[in-house]
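Have a look at the structure below before the remarks.
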Amino acid sequence: MDQPMSRCAVVDLGSNSVRLVVFEGRGRNPTPIFNEKAVLRLGRGLQDSGRLNEDGVRQAFGVMTRYHAVATAMGADPFEVLATAAVRDASNGQEFVAGLQARMPGVPIRILSGEEEASLSTDGVLCGTPDARGLIADIGGGSLELVRVGQAGAGGAVTLPLGVIRLSDRAGGDVGRARLIAEQDLAGVRWLADCGGEDLYLVGGAFRTLARIHMEQTGYPLAIVHRYTLEREQAYDLAGVVAGANRRLLERMPGVSRRRVEDLPFAAVVLRRVLRASNVRRCVFSATGLREGWFMAQVPQAARRSDPLLAAGMELAGRFGRNAALPDRLVAWTAPLFATGQGETEALRALRSAACWMSDIGSYDHPEYRAEQAYLRVLRQPGVVLDHPTRAFLAITLALRYEAEPDAAFLDPARRLLDLAGLRAAEMLGIALRLAYTLSGGTVELLAHSSIRREKTRLVLQLAEGSGVFAGEGISRRLERLAQAAGLEAATEVA
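Count along the sequence shown from 1, then add 335; that gives the number in our numbering.
What follows is the structure, encoded as structure tokens:
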């Protein structure tokens with residue numbers, strides 16, 4: 336039996352909730368295999384009492400004992416607890432940590448400073464959105480971390496007492512008063528005014544719930560919050576509606592869990608005030624944050640520096656593919672198809688390379704369902720670096736590689752996420768990969784006896800004579816289909 340991959344685990348012990356995540360492997364893209372949350376509200380009442388909520392403390396001891404048992408049983412090493420705003424601000428925070436330590440001897444428990452929390456959140460956002468440039472806003476129960484991120488990494492950073500529980504307590508539960516408090520706190524962050532025209536990356540469960548509300552209301556075709564994007568005015572209007580809604584209306588909103596109803600108006604107030612203070616151009620929701628930032632610290636430098644999109648393709652190929660030597664050959668084999676005019680863009684080449692690595696992931700599925708299964712596996716994969724158009728491009732490519740019809744109904748969600756140029760490129764690449772696999776049987780040796788080249792009006796398939804690769808009926812049909820997708824005439828040469 337193969338040895339299991341290494342595992343590590345982290346507990347995010349926040350002011351509102353506590354969550355255990357167990358990751359498998361140490362690759363560029365985190366792979367969570369266990370994720371459990373409990374709402375404890377440790378920070379409830381902290382503003383007035385200066386102490387952690389007693390009910391939350393009692394519950395925490397039981398929950399953390401369970402999390403320790405789970406992490407140990409799953410063989411997670413390292414296993415670490417990260418405590419944030421409530422624990423660091425409470426007068427009995429150290430006492431609480433000592434109680435946890437007695438129940439989990441040997442387990443590191445770190446009380447993060449605001450700066451450390453902001454740094455880990457930034458690393459987590461960059462893990463899931465490597466090209467992030469602009470402003471990060473990470474909201475929890477006790478605090479709001481704001482970080483300016485640019486080409487050189489993190490810039491300005493500040494921690495404010497604007498977490499949803501803390502803000503509610505400071506405002507006495509009054510949303511109108513919360514607006515004034517948030518506005519006053521943010522006014523002290525002078526560099527926010529320099530973020531105009533940049534992106535705002537939103538981290539935290541309360542912000543993600545706002546995204547789910549909008550996705551449900553608009554009938555968005557993909558139920559993945561990570562990298563869901565709203566224009567500034569869309570986000571501002573959404574936050575205004577939620578901040579002004581009463582409890583009954585919030586409970587009826589699609590995408591809202593009952594545990595979030597109390598918090599949402601205050602998260603909406605914070606978002607609206609951040610938008611006003613920064614004048615960013617759009618909001619990008621991030622499902623990666625502090626926990627993924629912690630994970631990236633466990634990843635070897637070589638893996639951290641690897642191309643995240645290509646790494647996602649390689650990871651899928653490693654789990655589901657048959658031949659690790661073939662994808663690179665497919666990248667070279669399909670290149671002439673896209674060498675037109677100014678040449679292939681860097682972005683399209685990256686997509687094509689990832690698609691070639693993913694192109695065999697349906698090999699072990701039932702033949703009747705390969706196209707749809709490969710499509711769903713790619714569209715809904717947990718790979719955190721993939722934005723929604725990227726998921727759609729790769730999913731359509733893989734569906735057509737397994738001979739789905741371009742107008743198949745199950746492709747509609749992905750089609751809605753692509754512009755016409757992206758859709759056409761995905762279709763052409765999928766058909767090309769289908770031809771390549773038909774020629775080669777998924778082997779490097781047979782693929783080497785064929786090539787394609789693009790001429791002014793023709794798409795030419797070159798075959799080596801006597802190699803066992805020949806233009807039978809199936810090959811001719813697929814070549815004709817590929818040439819049609821490229822707007823060319825099909826031709827075959829044998830030499």
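Note that CB positions come from ideal geometry on N, CA and C, so glycine has one too.
Remember, predicted model here, so these are calculated numbers, not experimental data.
Reference R354, options R342, R626 and A433, closest by Cα:
It is R626 whose Cα lies nearest to the Cα of R354.
Is it buried or exposed for D337, if we count other Cβ within 10 angstroms and need 16 for buried?
At D337 the pLDDT is 46, less than 50, meaning the model places this residue with poor confidence; the figure from the coordinates comes in the next sentence. Here D337 is exposed: its Cβ has fewer than 16 other Cβ atoms, across all protein chains shown, within 10 Å.
Please report the distance separating the alpha-carbon of A602 from that of D572.
Near 14 Å, if we compare the C-alpha coordinates of D572 and A602.
Alpha carbon of L665 to alpha carbon of Q819, nearest angstrom
Roughly 21 Å between the two C-alpha positions.
What span of residues does the alpha helix (DSSP H) with R670 cover, start to end?
In the sequence under discussion, the amino acid at residue 670 is Ala, which differs from the Arg named in the question. Here the alpha helix (DSSP H) through A670 covers L661 to F673.
Compare the Cα-Cα distances from D466 to each of V720, E371 and A826 and report the closest residue.
The candidate whose alpha carbon is nearest that of D466 is V720.
Quick one: what's got a C-beta closer than 8 Å to L814's C-beta in the same chain, skipping five residues either side?
Non-local C-beta neighbours of L814 in its own chain, meaning closer than 8 Å and more than five positions away in sequence, comprise L770, L794, L796, A806, A825 and T827, ordered along the chain.
Could you compute how far the alpha carbon of P741 sits from the alpha carbon of L735?
Each residue's Cα considered, the two are about 7 Å apart.
Distance between beta carbons of I787 and P671, contact taken as under 8 Å
Their Cβ separation, rounded to whole angstroms, is 6 Å, which keeps P671 and I787 in contact under 8 Å.
Which first and last residues belong to the alpha helix (DSSP H) in which D466 is found?
Here D466 belongs to no alpha helix (DSSP H), and DSSP marks it neither H nor E.
Neighbourhood of W692 by C-beta distance below 6 Å, restricted to the same chain and skipping five residues each side:
The answer, listed in chain order, is G648, M649, A652 and P662.
How would you call Q716, buried or exposed, if buried means at least 16 neighbouring beta carbons within 10 angstroms?
By the neighbour-count rule (16 or more Cβ atoms within 10 Å), Q716 is buried.
Following the continuous beta strand (DSSP E) through F414, name the residue where it begins and the one where it ends.
Looking at the DSSP string, the run of the beta strand (DSSP E) that includes F414 is A411 to A418.
Can you round the beta-carbon distance between S613 and L686 to whole angstroms, since I take them to be within the 8 Å contact cut?
About 32 Å separates the CB atoms of S613 and L686; that is not less than 8 Å, and the two are not in contact.
Taking the continuous beta strand (DSSP E) assigned at G777, which residues delimit it?
First-last for G777: undefined, no H or E at that position.
In whole angstroms, give me the CA-to-CA distance for S454 and C462.
Between S454 and C462, the C-alpha separation is close to 12 Å.
In angstroms, rounded to a whole number, what distance separates the CA positions of N388 and R379?
Between the alpha carbons of N388 and R379 lies a gap of roughly 6 Å.
Taking the beta carbon of Y710 as the centre, do at least 16 other beta carbons fall within 10 Å, making it buried, or is it exposed?
Buried, because 16 or more other Cβ atoms sit within 10 Å of the Cβ of Y710.
By how many angstroms is the C-alpha of T464 removed from the C-alpha of C343?
Rounded to the nearest angstrom, the two C-alpha atoms are 22 Å apart.
Three Cβ pairs or more, each shorter than 8 Å: is that satisfied between the stretch 527-540 and the stretch 471-478?
Yes, the stretch 527-540 touches the stretch 471-478.
Distance, A506 Cα to N581 Cα
So the alpha carbons of these two residues sit roughly 16 Å apart.
May I ask which residues mark the beginning and end of the alpha helix (DSSP H) holding C691?
Counting along the chain, the alpha helix (DSSP H) containing C691 begins and ends at E681 to M693.
Determine, using beta carbons only, whether V605 and L497 come nearer to each other than 8 Å.
For V605 and L497, yes; Cβs fall inside 8 Å.
Threshold first: 4 residues or longer. Then list the alpha helix (DSSP H) segments lying entirely within the stretch 390-456, N to C.
The qualifying runs are 420-424 and 428-438.
F369 - partner residues in DSSP beta bridges
V357, per the DSSP bridge assignment.
DSSP three-state assignment for F805, whether helix, strand or coil:
Per DSSP, reduced to three states, the secondary structure at F805 is coil, with no helix or strand assignment.
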